[in-house]
Amino acid sequence: MHISTAPAASYLQPTALSDALAALADAPYVVLAGGTDFYPGRVGKPVDDVALLDITRVADLSGISRTAEGWRIGATTTWSEVIEAPLPAVFDGLKAAARAVGGAQIQNSGTVAGNLCNASPAADGVPPLLALGAEVELASTLGTRRLPLSQFILGNRKTARAAHELVIAVLVPAWPEAARSSFIKLGTRKYLVISIVMGSAVVALDKAGRIARCGLAIGACSAAALSFDALARKLVGHTPAEAFKQLAAEDLQGLAPINDVRGSAAYRIEAAFTLAGQVLARAFEQAEGKA
Amino acid sequence: MNHPLEPGLKSLAEAGLGSIALTVNGRPALLNCAPPTRLAHALRDELGLTGTKIGCDAGDCGACTVLLDGKQVCSCITAVAQCAGREVTTIEGLAQDGKLNRLQQAFLKYGAAQCGICTPGMLMAASDLLAGNAAPTQAEVEDALGGVLCRCTGYQKIVESVLAVAHDDLTLEPPTAGRAVGSRLARLDGVSKLTGAEKYGADEYPAGALWLRVVRSPHARAGFTLGDLDAFRRKYPQIEGFITAADVPENSFCVFPVPKDQPVLADGHVRFRGEAVLGLLGERDAIIAIPEAEMPITWQPRHALTEPEEALTATGDLIHDFAPENVLCRGRVVKGDVQAAFPMAAHVVEENFRTSYVEHAYIEPEAGYAEVVSQGGQERLRLFVCTQTPYMDKEEVARVLKLPHDRVRVVPSAIGGGFGGKLDISVQPLLAVAAWKLKRPVRIVYTRPESMASTPKRHPSRIRVRLGCDKEGKLTAMDFAGDFNTGAYASWGSTVANRVPIHASGPYALPNVRALTRAVYTNNAIAGAFRGFGVPQACIATETLMDELAEKCGIDALEFRYRNAIRAGDATACGQVLQASAGLDQCLDALRPAWAGAKEASAAFNGQAIRSGSRKRRGAGLACMWYGIGNTVIANPSTMTIGLRASGRVVLYNGAQEIGQGTYTIMPQIAADALGVPVSLIDQVHSDTDLTEDAGKSSASRQTFVSGNAAKFAAEDLRRQLLQLAGTAADATLRLEGTALIAGTSRIDLQGLTPINERGDLALGSGYFNPPTVPLDADGQGVPYATFAFAAQLAEVEVDLDYGTVKVLHIHAAHDVGRAVNPTQVEGQIHGGIAQGLGLALMEEYISGKTDNLHDYLIPTVGDMPRITTYLIEDAEPLGPYGAKGVGEPALVPTAPAIYSAIRAATGVRVRLAPATPDRLKAALKAHEAGQRL
Ligand SMILES: Cc1cc2nc3c(=O)[nH]c(=O)nc-3n(C[C@H](O)[C@H](O)[C@H](O)COP(=O)(O)OP(=O)(O)OC[C@H]3O[C@@H](n4cnc5c(N)ncnc54)[C@H](O)[C@@H]3O)c2cc1C
Ligand code: FES
Ligand code: FES
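Listed in order, the protein sequences are those of chains X and B.
The numbering used here puts the first residue of the first sequence at 51, with every later residue one more than the last.
The numbering used here puts the first residue of the second sequence at 80, with every later residue one more than the last.
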């Protein structure tokens, strides 16, 4: 494909996905969704010095729908739309995360896909979607591809998205109806706060009350939130009570928090262990009908 | 997020050209701006709808909240192109047919707007909620308002107002003649704050005003040279002018007479990150488009002395040549013999404490404009600016421009929060120099990071205290030493260094005191005035030790304080014998039931928690404070005048700057009762250095006490003159009926009288008050203040032992205010002070370059506030107007130590470093569990 530069002042607002993809194929437009990450980075600076591709009017990107394999969250779905959508209980963790994103205004504008594409280590949407086993669907004029979320976010502000690609949806696999989830965010204040640590757990129990499937992810303690798949596999077949006995510090390997204004690394790592236990406990309680 | 677009619009937006059509407040509107323009800017600049405020341009404060198709969004981070074909509602769209809607009425009635800068955002967020949920719960209200920050109110009255919409009778009953003082009169400047009509610093500017962009130092300490400005201008022809140090007639300023240590624009070297070095003028968008990296400045960074320890010991490495050891000023109060007293004490405790830089975080960044106007054949400088101190601004600007004072006029804008931060000089001289040089109007609005980096903060402190008492628990001695980091320039550092030792003893009778302070220069952010001038930092240290001493004596913490409370007739550490109105004992008495209840409740909770394995613990704690009202010794007079017009209306020339604290309501209340007319007959001329007399600064909690007296005396003077005019006795009643003055039995037609001045006043009363003080000697002995406010606060908290997080559940605040001239406003001050105290205690820490925005610098949101119960103690001050003292700063002082006291009761951990963020508290909890000291 050829590389050209978009005129600096241009602002595209297509309604058809094909137009959006054609634009991206043509030039490295900056994608604009809710703008809640775009504008704060430009305080006191111009906002019209980059070419913008506003995707909020692309019909095919909006809304949450049921698919054969599970659920499809369109790229421009806002956090408020997630909160209001009639979704199964396994989405409760994601909804709790949605309610914890900024304040109501941010939830009304900010999008799920924007949160993933921005790839902040503290993005609240990432742990619940990791725990749910979500995938990201990318499209370009060359076609579409799907990546597990853990392979999409590569690090702090780094994703696997190529400049000519657009994230068009987040895909969540179906879970048994009885599956439940949880989300806990640790921050220094109630609203408008970036997480010091946050995490999410999802669990489905079989008829015997044993763990049939589960997921656990912790954010803000590594360059990208981590999903603990090996631990999740290890817990399968155990009752929740047994599962807790299985938990060991090694299960959460890979957490490598930094010191910053929100908290020290030592604090984060300890809080992450506590929080991991708590999100699992909550998801288990929900699944066992105890909460 | 998907919205059908009208045909035709799409192609325009796609091309990035032409206008964007939308509906604003029910009317069609066309915006001619670039598609990604921030909606907030378009509303304000294109449509003149300045009711929508900008506090950060980053989604962090919510002041810009509007409704987009009925849903609240931050208009500062919304592209106008995304609003095409949609409906936007702003604060200007709320009142219908000039009548406030119920939500606005509730805000007015319950005092939900103080400075009013967050009010548009609050109203819009609440409107979104109420449209879908007419009778929400408190939790729903909090969720809806969670994205709007308020720095003034502590949120309680805002939440009450939103809840009241569903049920309450919202009519207002104005007080009748003689009943204004003590009434809950709604703010007289309330309506304009609730409709968006009020003009703040950024809301008004002359056509053609140039934008001033200030280029600031990225280094904490550096030499620099400016390159070829002409060449720079050839490269960027949008630059219409520059200001540099060479353009400043007298390039130094300070709020204090000495040392005038801060340059308007740095001359060759900078002393802190954020210092102004160069000003660029031109059209706003064109000027801000010039990349920072292109500035023609060469830097030679030097080693920065950022902490007082280093600055004090950096022999010969002086930040200012005139300040040996980098000490700006020392404060000293010595009474009795501390050295002799400690060996005799039955119990002694000692500890070190540290506090951090705290940012005022008013939601309105500094803003204003300056213009040169010609008057009487002379050029004068007119300055429109958000300020707590118009008269000082006038003097400072005249000094910098080397102009006589009468050639400068300061017209204060409405002010969106100050708290001491706008008691300083920021945009004023920069605007003045630029407008004077270019002879063009010049405007500026600081960005949030610019405001945070360049303006003063609360002083970080390092304090060591030793406290002793006898067997009976009577305090015998205090040894206090405090270093305050005043940053690169003096600002109000001397006031802090002087006020702290006077207050160090706390509101207790103490025979032996030694209190020494230093304000230390560093290459860090400037520290200046912030609600309490250092006293809140000292109070953390001393109140923590009061608890420990009480424990050592085996005496209840309230009882211990009660025994030691200073009372009328006792001498302070300065040797001042308090004559009256020392109500700490009454404050403590008021808290006794809540104290017993809170201790019992937390014990019960903890018992249950331990049994159930919960990791939550509760505790209750106390702290007391006192606070000298007005300037420390230095004269701080106020003058007020009040006239009667032929219309039968009274005009109060009110120079007591309103900063949200209510002077534009309280002064008329006082004047109305002193004159004997209903407050509804009083109009006001608000502070303007050409039109009102000097009523001093809105600082040091002085306005109600000092200017309130001046207003009272002025009204009494007018009353005397009017009774004389009517030839009636001095105690006759006085009434105004239409255009007639009725005094006793005589009736005068005002229309028949000749005005005494060109403003049309038929008679003018004048009042002056300067609180009586006696200068302090070398040991700090004297009478620093005419009166003191007293308070005791009780905090109930819940600590999560796993995470080190603290939820403040309830604060009981008992304040001796002498007399509550307006109880609603007194409560509002207390709530707001508690919110700031909570922030200081738990989350607020300014770190230059790291927390220069409201995203990383955290202040309490609506969800972080406890329930607050206020107890107003009215131990009348004979010197005060109707017995009133002040409450602005006192509200904040005891909150942080009360919270720390409660944390200690809950967990055993003593907080020695503010703020007690979760990571710090968790570390302290772990050390405590391990039996270590941290
Ligand atoms: C005050 C405030 C508070 C906040 N609080 C939180 C919080 O608590 N937790 C949290 O996680 N986040 C928070 N955020 C961050 C932000 O709101 C979220 O990350 C949000 O979900 C981003 O979505 P958006 O649509 O606004 O992104 P935008 O700003 O529009 O875009 C973000 C980035 O993603 C790219 N992008 C967006 N969509 C696509 C797409 N479909 N395909 C390819 N690239 C795309 C953009 O180019 C841009 O680089 C906060 C932001 C603010 C301003
Ligand atoms: S100005 Fe928009 S959120 Fe602060
Ligand atoms: S009234 Fe809310 S910020 Fe001032």
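C-beta atoms are modelled at their ideal positions from N, C-alpha and C, and glycine is treated no differently.
Check, Outcome
"B/TYR1014, DSSP secondary structure in three states", "Since the first residue of chain B shown is 80 and the last is 1013, residue 1014 of chain B is not available in this structure."
"For X/ASN158, the three-state DSSP class (helix, strand or coil)", "helix"
"Inter-stretch contact at 8 Å, needing at least 3 Cβ pairs: the region 935 to 953 of chain B / the region 288 to 307 of chain B", "no"
"Partners in chain B for X/SER314, counting only beta-carbon separations shorter than 8 Å", "ASP998, ALA1002"
"Whole-number beta carbon distance between B/PHE463 and B/GLU283, since they are thought to touch under 8 Å", "6 Å"
"Proximity test, X/SER159 beta-carbon vs ligand 5 heavy atom, cut-off 7 Å", "Because ligand 5 does not appear in the structure shown, any question about it cannot be addressed here, the ligands present being ligand 1, ligand 2 and ligand 3."
"Own chain residues within Cβ distance below 6 Å of X/PRO178, not counting five before or after", "GLY143, LEU144, ALA147, PHE233, SER250"
"Nearest residue (CA-CA) to X/SER190, options X/ALA258, X/ASN165, X/ALA219", "X/ALA219"
"Contact between the region 503 to 511 of chain B and the region 451 to 468 of chain B (3+ Cβ pairs under 8 Å)", "yes"
"Limits of the alpha helix (DSSP H) - the one that B/HIS910 falls within", "902 to 921"
"Whether B/MET704 touches B/PRO338 by CB criterion (8 Å)", "no"
"Contact list for X/THR86 against chain B, beta-carbon separation under 7 Å", "GLY138, ILE156"
"Proximity winner among B/LEU770, B/ARG983, B/LEU919, relative to B/GLU875 (alpha-carbon distances)", "B/ARG983"
"Beta-carbon proximity of X/ILE203 to X/VAL176, cut-off 8 Å", "yes"
"Terminal residues of the beta strand (DSSP E) in which B/PHE463 lies", "457 to 464"
"Contact residues within the region 97 to 128 of chain X, judged by C-beta distance below 8 Å to chain B", "VAL97, ASP98, ASP99, LEU102, ASP104, THR106, ARG107, VAL108, ALA109, LEU111, SER112, GLY113, THR126, THR127, THR128"
"Counted within 10 angstroms of its Cβ, other Cβ atoms place X/PRO136 as buried (16 or more) or exposed", "exposed"
"B/TRP674 versus B/VAL887: straight-line alpha-carbon distance, rounded", "15 Å"
"Inter-stretch contact (C-beta, 8 Å, three-pair minimum) for the region 202 to 222 of chain B and the region 735 to 751 of chain B", "no"
"B/ALA223: contacting residues in chain X (beta-carbon distance under 7 Å)", "ALA154"
"Span separating the alpha-carbon of B/LEU754 from that of B/LEU273", "30 Å"
"Short Cβ contact (8 Å threshold) for B/CYS162 with B/LEU109", "no"
"Contact with chain X by B/LYS150, beta-carbon distance below 8 Å", "yes"
"Short CB-CB distance (under 8 Å) between X/SER159 and chain B", "yes"
"Chain B contact residues for X/TYR79, given Cβ-Cβ distances below 8 Å", "Result: empty, since nearest Cβ-Cβ is about 12 Å, beyond 8 Å."
"Option nearest B/PRO316 by Cα separation, candidates B/VAL343, B/ASP346, B/ALA368", "B/ALA368"
"Extent of the continuous beta strand (DSSP E) to which X/THR324 belongs", "Element bounds for X/THR324: not the beta strand (DSSP E) but the alpha helix (DSSP H), 315 to 337."
"For B/ALA699, the three-state DSSP class (helix, strand or coil)", "strand"
"Chain-ordered neighbours of B/ILE926 on chain X, where CB pairs are closer than 8 Å", "VAL311"
"Test: X/LEU82 CB closer than 8 Å to a CB of chain B", "yes"
"Extent of the continuous alpha helix (DSSP H) run through B/ILE745", "742 to 754"
"Rounded C-alpha distance that separates B/PRO834 from B/ALA808", "23 Å"
"Cα-Cα separation between B/PRO997 and B/GLY177, rounded to whole angstroms", "48 Å"
"beta-carbon X/LEU82 near ligand 1 non-hydrogen atom, thresh 7 Å", "yes"
"Backbone CA spacing between B/VAL679 and B/PRO851 [nearest angstrom]", "As written in the sequence, residue 679 of chain B is Glu, which differs from the Val given in the question. If you take the alpha carbons of B/GLU679 and B/PRO851, they lie about 45 Å apart."
"Neighbour flag for B/ILE947 against chain X, beta carbons, 8 Å", "no"
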